[in-house]
Amino acid sequence: MSSILSLRPPGRVIAEPAPPRPWLARVLVGECELPPFLPVPLPAFPRSAAEADAVSRALACPDLFVLDAPDRAARERIVADLARCAALRGERVLVLSPDPVAADRLVEMAASDAAVKAIRALADDENPHRPSPVANRLTTAAAGRGRVDGVRRTAENEFRAAAAELAAAEAVATVAAALKALADRFAALEATRAELTAAREAPPTAEPGTPFAADLARLAAAADAARQPLLAERTAATARRAAADAALAAAKQYRSDATDPAKKSGFFARLLHKPKPPADPAELDRMVADAEHAAKDAAGREAAAQADVDAVDRRHAAEVEQRSAAEAAARRPDFDAKLAALAAERDEVAGRFVLTGKELTRAGVPTPVQLTPDAAGRVAAETDAKRAAAAARRTAARARLDDLTAAGSELSGRTLAEARVVVGTPGSLAADPVFVGPASEPPFALLILDHAEDVGEADFARLSPLAGRWVLAGDPMGGSERNGRRGGALLARLAKRLDRDGWGRDGDRLVVRLLPDSPVTAREPLLDHPDVELRFAAGGALAAIAFPARLPAADAHRFLADQLGECRPRPCGPVVWHDADGVLTACWPAAETTAGDWADVGDGVRLRTAGGFTAAVAFDASAGWDRAAAEAWLAARVPPPGRVAVVR
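Each position in the sequence shown, counted from 1, maps to that position plus 7 in this note's numbering.
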């Protein structure tokens, strides 16, 4: 990375050389308290537990993170995975490697996810035609030109697809409108058929000016002429019956008065000195009988007159009914012919409805079961809505295509700015157009430096303004000689200062560090377990325990619990809680990539290890554990995530 030291491109995002940031100096001497953070979940991707742990912590770290990974393949997998995950959550990532071939591999791996837009930035001395065909397509020139062409082709394809969709939608909408018209016609035919059927069955009406109306008028006139003398006779008979009834009532009253001895003669009779005549019962009865006979005869004459009137009415009604029946019979063939024509048209409309419905079904539109305007109207409304949506999409596609055509050369620059992951060499910073832009703010959210063992403090100070947070990936024990100093001094010092992981490897031995901040000053084997090495800090405090090679991690946890009453879980990624069958379990899914073993660590607590990490801690509810107590137990034994990930 020696070329970094001479970068001073005017107008570029690279800042002028500046002394190291004060906070970096404080970090290196242990005077800066860095804020804690929590690991974040990762999108699904094939990765080991160690790789998941490194990516999860590096992705969540708000400032500086060290990836201690001497193995090139493992380091590049983690770097590419980290860049890909950061890009997927909306961040812009810059990856720098001094090895052009490594940069090619990194951009290929980052671009393996189709959702990630990655670009390979080139230095002036790099051949734009990369040995890797994939990396060649991802260079700035190829990507810009290819993306312009690809965006334009995509826009053209989108417009053609939208136009075809609109044409199909219009065709379907036309068929649906025809279906609605058929349903409306069918409903109108049904209404007309019902009206004609009711008219055929109803008595014929005498419409003015028709022969039927004239015939009924003649019958009514003849009946009225025959009815008038009979009505006059009935009126006279009614009057005679009323007079006879009055005479009968008077005769009966007279007989009653004449035969009543207490009844005195009337006032006028006494005034005229006329005495009350003697009553002759026989004469009185005869007089009443004559009056009753006269009343009965009058009532009979009235009834006979009424019977004659009723007879005239019945004859008239019979003649009207006869004429109406004849008229109905005369009209029925016309009604039958109209109904037959309606039935034929109705069947024809129903047949066309079925065929039109099948045409809609072939177009993917459900056909209404009922042949009604409402059902067909719903289908027509749905197809009209789809046609309107398709028209809007075509309009938008046309506008986008027009914008792309008008943008011209600016489109290439816009597509480069859309790249989420930029991979290059340090020399590409001064040469590749993807880095052209304002220098007022960091253009990248995350800067990943591969082969960071070759980065010195001055190099980092010059590169740090490119991003808001940084990951240094490399071999802290490696590095090249430059000006009499090891370039890896910065990476080694940061790894030593920031490493707070309670578990690690020393060669092939698993080591638990009980005092991560205390350097080891003495070592001695355990008396009853000589293959276990105790490591002490100054003052005799137990700082670490080194377990023999190939000892399962579960046995190491079991040893700590049995011998020291200690438990030091080593989580991997975010925790997930489960509560089932009386057991509360804290799980770390990122560590469940391999089979693991359980170890009892006391007080109803069991710990499962997998791939060197803690995959789960189970708390037995029957031993008094609940969620609050379990969380407190973990908080007391699990330190905040460290800023160094060691992958061996």
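Just so you know, even glycine gets a beta-carbon here, dropped at the ideal spot from N, CA and C.
One or two residues paired with E540 in a DSSP bridge: The residue you call residue 540 lines up with position 533 of the sequence shown. In the DSSP output, where bridge partners are listed per residue, E540 has P532, A553.
One or two residues paired with H585 in a DSSP bridge: As a working note, residue 585 is residue 578 in the sequence shown. According to DSSP, which records beta bridges pairwise, H585 is partnered with T592.
Outcome for W632 when other beta-carbon atoms lying within 10 angstroms are tallied against a minimum of 16: If you number the sequence shown from 1, residue 632 lands on position 625. Per the 10 Å Cβ criterion, buried.
Closer than 8 Å to chain D by CB, R405: In the structure shown, chain D does not exist; there is a single protein chain.
Buried or exposed (CB count within 10 angstroms, at least 16 for buried), R650: For the purposes of this step, residue 650 is taken as the residue at position 643 of the sequence shown. By the 10 Å Cβ count, R650 comes out buried.
Validate contact between the segment 582–592 and the segment 564–574 using beta carbons, cut 8 Å, 3 pairs: no
Cβ-based burial, R520 [other Cβ within 10 Å; buried from 16]: Residue 520 sits at position 513 when you count from the first residue of the sequence shown. By the 10 Å Cβ count, R520 comes out buried.
CA nearest to the CA of L226, picked from R321, R359, E366, D120: Sequence index remark: in the sequence shown, residue 226 carries index 219 (1-based). With distances taken between Cα atoms, L226 lies closest to R321.
Pairwise C-alpha distance: A625 and R516: As a working mapping, residue 516 is identified with position 509 in the sequence shown. As a working mapping, residue 625 is identified with position 618 in the sequence shown. Going by the C-alpha atoms only, they are around 27 Å apart.
A66 in three-state terms, based on DSSP: Counted from its first residue, the sequence shown places residue 66 at position 59. The sequence as given places Leu at residue 66; Ala does not occur at that position. Note: L66 maps to helix in three-state DSSP.
Every unbroken beta strand (DSSP E) within the segment 380–432, with a cutoff of 3 residues, ordered by chain: 428–431
Beta-carbon gap between K124 and R507 smaller than 8 Å: On the sequence shown, position 117 is the one that residue 124 refers to. On the sequence shown, position 500 is the one that residue 507 refers to. No, these two residues do not count as a Cβ contact at 8 Å.
When A229, A171, R207 are compared against A397, the one with the closest alpha-carbon: By 1-based counting over the sequence shown, the position of residue 397 is 390. When each option's Cα is compared against that of A397, the closest is A171.
Backbone secondary structure at V612 - three-state DSSP: If you number the sequence shown from 1, residue 612 lands on position 605. In this structure, V612 counts as strand in the three-state DSSP scheme.
Sequence-distant residues of the same chain with beta carbon closer than 7 Å to E599, five excluded per side: Locating residue 599 in the sequence shown gives position 592, where the first residue counts as 1. Excluding residues within five positions, the ones whose Cβ falls inside 7 Å are A617, A622.
Proximal residues to F667 (C-beta, below 7 Å), its chain only, five neighbours per side dropped: This structure gives no information on residue 667, because the portion of the chain shown stretches from 8 to 655.
Assigned exposure category for H458 - 16 Cβ within 10 Å defines buried: For this step, residue 458 is matched to residue 451 along the sequence shown. When all chains shown are included, H458 counts as buried.
Span separating the alpha-carbon of D60 from that of T161: Stepping through the sequence shown from its first residue, residue 60 is reached at position 53. Stepping through the sequence shown from its first residue, residue 161 is reached at position 154. If you take the alpha carbons of D60 and T161, they lie about 39 Å apart.
Continuous alpha helix (DSSP H) stretch holding A94: start and end: The count along the sequence shown starts at 1 and reaches residue 94 at position 87. Run containing A94: 79–95, per the alpha helix (DSSP H) assignment.
Top-ranked residue by Cα proximity to V653, from D439, A65, T592: Here residue 653 is taken as the residue at index 646 of the sequence shown, counted from 1. Nearest option by C-alpha distance: A65.
With 16 other Cβ atoms within 10 Å as the buried cut-off, status of P29: Residue numbering aside, residue 29 sits at position 22 when the sequence shown is read from its first letter. Counting Cβ neighbours within 10 Å, P29 comes out exposed, since fewer than 16 surround it.
Neighbourhood of A183 by C-beta distance below 6 Å, restricted to the same chain and skipping five residues each side: Locating residue 183 in the sequence shown gives position 176, counting from the first residue. Here the set comprises V386, A387, T390.
Distance CB(L479)-CB(L103) smaller than 8 Å: As a position in the sequence shown, residue 479 is number 472, starting the count at 1. As a position in the sequence shown, residue 103 is number 96, starting the count at 1. The answer is no: Cβ separation not under 8 Å.
Backbone secondary structure at W510 - three-state DSSP: By one-based count along the sequence shown, residue 510 stands at place 503. W510 falls in the strand class under three-state DSSP.
Range of the contiguous beta strand (DSSP E) that encloses F626: For the purposes of this step, residue 626 is taken as residue 619 along the sequence shown, with counting starting at 1. Where F626 is concerned, the enclosing beta strand (DSSP E) stretches over 620–627.
As assigned by DSSP and simplified to three states, the class of W30: By 1-based counting over the sequence shown, the position of residue 30 is 23. Looking at W30 - three-state DSSP - the assignment turns out to be helix.
Nearest neighbour of C594, chosen from F342, P48, G511 [CA to CA]: To locate residue 594, count along the sequence shown from 1; it is residue 587. That would be P48, whose Cα lies nearest to the Cα of C594.
Where W605 falls: helix, strand or coil (DSSP): As a working note, residue 605 is residue 598 in the sequence shown. Here W605 sits in strand by DSSP.
Beta-ladder partner(s) of T146, from DSSP: As a working mapping, residue 146 is identified with position 139 in the sequence shown. According to DSSP, T146 bridges with R127.
Under the three-state DSSP convention, the category A51 falls into: Within the sequence shown, numbered from 1, the residue matching residue 51 stands at position 44. Looking at A51 - three-state DSSP - the assignment turns out to be coil, as it is neither helix nor strand.
Contact check, R262 vs V319, beta carbons under 8 Å: In the sequence shown, the residue the question calls residue 262 occupies position 255. In the sequence shown, the residue the question calls residue 319 occupies position 312. No, they are not a contact pair.
Where G37 falls: helix, strand or coil (DSSP): Here the question's residue 37 lines up with position 30 in the sequence shown. G37 falls in the coil class under three-state DSSP.
Burial state of P16 (16 or more Cβ within 10 Å): Position 9 of the sequence shown, counting from 1, holds the residue named residue 16. Note that P16 scores 33 on pLDDT, short of 50, meaning its location in the model is unreliable; the coordinates nonetheless yield the value given after this. Looking at its Cβ environment, which holds fewer than 16 other Cβ atoms inside 10 Å, P16 is exposed.
Nearest residue (CA-CA) to L454, options A468, T147, G475, R469: As a position in the sequence shown, residue 454 is number 447, starting the count at 1. Nearest C-alpha to L454: G475.
For G216: DSSP bridge partner residues: Numbered from 1 along the sequence shown, position 209 holds the residue referred to as residue 216. Answer is none; G216 lacks a bridge partner.
Buried versus exposed call for W510 [16 or more other C-beta atoms within 10 Å across all chains shown]: Here the question's residue 510 lines up with position 503 in the sequence shown. Per the 10 Å Cβ criterion, buried.
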